[in-house]
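In our numbering, the protein residues as written are 890 to 1232. Positions of the beta carbon are idealized from the N, C-alpha and C atoms, including for glycine. All remarks here apply to the structure that follows.
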């Protein structure tokens, strides 16, 4: 129905609607905090890194900066941290393709043989999405998804599978640091603990209601794009979520997530945005780049001796006022992330 300009306009309107709905829920969904005291272990073994960048060449929703993100993050880490083993998946024809099968194989490679003292690093830049949760472990009622280059034929990767393949069962003393520069990425690894910039754990009361905002935005975008059936289906799902949120937050989902997703390994994820937000594919300094990947590199170039929480705060400051997304930090257990950031 629309050309490229029309599609961009539809996306902008949908994002604006999503932002307004989010602001309403955040004002009316009180949260409480809790101190995290568990120490993060030292890195004394090997460092292994997996980089995934997908521009979706020739596909609807083509991106421009994701492969640049991989090149930039990889170069920075190689210059400032010792990386013993590297694997890269991009869709530029120069590396193995980031297909669904290759991404999952990459996750298995990244964690294979990991033992206490080892550091594992994952960087993903590409599309992220969300679908209705089916197993009751999501407070907002939605599962987050990675979008492989062959998603139209092979399917998406739901956050439950990301956790099961990459995170679950990692040994105590192993460190996994994930950098997820994509939309709806806050809980992409399905980690149960979310942090604020003071390093406290954040417990939000009405996450299921905020999940409604994602569906509202999708409905608007589908309608503007002439996809009436998709718009109606999305509205129906949104009404179901809205009704289920009237009684408050889904505490049973949170309890289930803590019970089934807490790790013994030191797993920390930096994400480009909240689950209810999108991440920008930006143009900065004449180069296409993901806004979050740019903010991460810029922050560490300024100071490599920051704490995890200081890094999160600095990234947010770099993006504030320019983009609507808010970078987030989550962990697999109650780690004290006021400790110095390292890989």
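Using 8 Å as the Cβ pair cut-off and three pairs as the minimum, do the segment 972–992 and the segment 1035–1046 touch?
yes
What runs of the alpha helix (DSSP H), each 4 residues or longer, lie entirely inside the segment 983–1042?
989–1000
Distance, Cα to Cα, residue 928 vs residue 1150?
19 Å
Nearest-angstrom Cα distance between residue 1191 and residue 1199?
12 Å
Helix, strand or coil for residue 1163? Go by DSSP, reduced to three states.
coil
Quick one: grab the DSSP three-state call for residue 1147.
helix
What does residue 1196 pair with, by DSSP beta-bridge criteria?
1229
Would you say residue 955 and residue 1044 are within 8 Å of each other, going by their C-beta atoms?
no
Reference residue 1156, options 1232, 1202 and 933, closest by Cα
1232
Run through the DSSP bridge pairs and tell me what residue 1224 is partnered with.
Under DSSP, residue 1224 shares a beta bridge with 927.
Would you mind reading off the limits of the alpha helix (DSSP H) that contains residue 960?
955–969
So with Cβ pairs under 8 Å, would you call residue 1199 a contact of chain D?
Of the protein chains in this structure there is only one, and it is not chain D.
Quick check on this structure: which residue in 973, 970 and 939 has the alpha carbon closest to the alpha carbon of residue 958?
939
Which of helix, strand or coil DSSP assigns to residue 1084:
strand
Would you list the one or two residues that DSSP bridges to residue 935?
Residue 935 pairs with nothing; no bridge assigned.
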